[in-house]
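Chemist: Sharing a structure below in structure tokens format, with a few things to ask.
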Amino acid sequence: MKHLKESFLVLGLGRFGSSVLKELARLGYDVVGADKNEKVLQDEELQDAASYLAEGDVTSTAFLEELNVTNFDAVVVSMGDDFESAILTVLALKDLGCETVYAKANDQKRGRGLKGAGATDVFFPEEETGRRVAYHIANPGILQYIRLSPYCSGLEMTVPEDFIGKSLTELDFRNRYKALVVMVTSQTEETPVVSPAPDYIFQPGDTIFTVGAEKDLERLRRKFY
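For any residue, its number in this note's numbering is found by taking its place in the sequence shown, counting from 1, and adding 4.
In structure tokens:
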């Protein structure tokens, strides 16, 4: 369970970067954003969401040093349309000592280049929304977040340690968390267990997919991740 408030830095505030920043802020994290475009930084929604917005060249090592990039738990590089700048930024961040760097890429080839430059993980906006990326960045244990309807969402996560060795009945999962476990993927089963029985015992390495109201899944996420 997390006890300390984490902080994140988003470099490049186009549509994707802005979406990630806003969602991280909505999840309750401190988020700083940076972009060289002054007009982008004047967006009121961004200003309300971010702890701070900085204008500058994010490929510049001097500017990154001013931002104290190593003080953040993770840095997001969102400049997929400018591959050269993205590469330079990832390299600069790694040279400065940043351990966790996520990067946006427009295709698999560029994604491999960013990984080669030192990116911890790469995201593809065509395949993943800013909201899902924000969940993954903030909570590595959260594998997938899907909004199924205005009233119902789905959350795939690694099984919390507190669940291991216990059954759904023992956990009183449905009543306690107001969510339904619809599938479990286990390392000991060849195929996923759909609609697991109440006496299913959670094992290390399990991943569970739950559905429920967004507010209830958010409470579940906050409790364990």
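Beta carbons: idealized from backbone N, C-alpha and C, even for Gly.
1. Buried or exposed: Thr192, going by 16 or more other Cβ atoms within 10 Å of its Cβ?
2. If we cut at 8 Å on Cβ distances, does Pro154 have a partner in chain D?
3. Using C-beta distances below 7 Å, list every residue in its chain close to Leu118, excluding the 5 sequence neighbours before and after it, in chain order.
4. Throw me the rounded Cβ distance for the Leu100 and Thr124 pair, which I believe falls under 8 Å.
5. When you compare the CB positions of Thr214 and Val186, do they come within less than 8 Å of one another, or not?
6. Does the region 48-64 come into contact with the region 14-29, if we say contact requires no fewer than three beta-carbon pairs (one atom in each stretch) closer than 8 Å?
7. Measure the beta-carbon distance from Ala38 to Ala53 and round it to whole angstroms, keeping in mind my assumption that it falls under 8 Å.
8. Can you tell me where the alpha helix (DSSP H) with Thr189 in it begins and where it stops?
9. So within the region 143-174, which uninterrupted beta strand (DSSP E) runs reach at least 3 residues, ignoring any that extend past its ends?
10. Which residues in the same chain as Phe87 place their Cβ atom closer than 6 Å to its Cβ, once the five residues preceding and following it in sequence are excluded?
11. DSSP three-state label for Glu48, please.
12. Determine the direct distance from the alpha carbon of Leu221 to that of Gly158, and round the result to whole angstroms.
Modeler: From the atom records:
1. Working through the sequence shown from its first residue, we reach residue 192 at position 188. By the neighbour-count criterion, in which 16 or more other beta carbons inside 10 Å mark a residue as buried, Thr192 falls on the exposed side.
2. No chain D is part of this structure, which consists of one protein chain only.
3. Residue mapping note: residue 118 aligns to position 114 of the sequence shown, counting from 1. Correct list, in chain order: Ala90, Ile91, Val94, Ala107, Ala109, Val126.
4. Residue 100 sits at position 96 when you count from the first residue of the sequence shown. Residue 124 sits at position 120 when you count from the first residue of the sequence shown. Rounded, the Cβ-Cβ distance is 15 Å, inconsistent with contact.
5. In the sequence shown, counting from the first residue as 1, residue 214 sits at position 210. In the sequence shown, counting from the first residue as 1, residue 186 sits at position 182. Going by C-beta atoms, Thr214 is nearer than 8 Å to Val186.
6. A contact exists between the region 48-64 and the region 14-29.
7. On the sequence shown, position 34 is the one that residue 38 refers to. On the sequence shown, position 49 is the one that residue 53 refers to. Going by Cβ atoms, the distance from Ala38 to Ala53 rounds to 14 Å, so no, they are not a contact pair.
8. Within the sequence shown, the letter at position 185 stands for residue 189. Per DSSP, Thr189 belongs to no alpha helix (DSSP H); it is in the beta strand (DSSP E), 183-189.
9. Taken in chain order, the whole beta strand (DSSP E) runs of length 3 or more contained in the region 143-174 are 146-151, 157-162.
10. As a working mapping, residue 87 is identified with position 83 in the sequence shown. Correct list, in chain order: Arg114.
11. Your numbering for residue 48 matches position 44 in the sequence shown. Correct three-state label for Glu48: helix.
12. On the sequence shown, position 154 is the one that residue 158 refers to. On the sequence shown, position 217 is the one that residue 221 refers to. In this structure, the CA atom of Gly158 is about 8 Å from the CA atom of Leu221.
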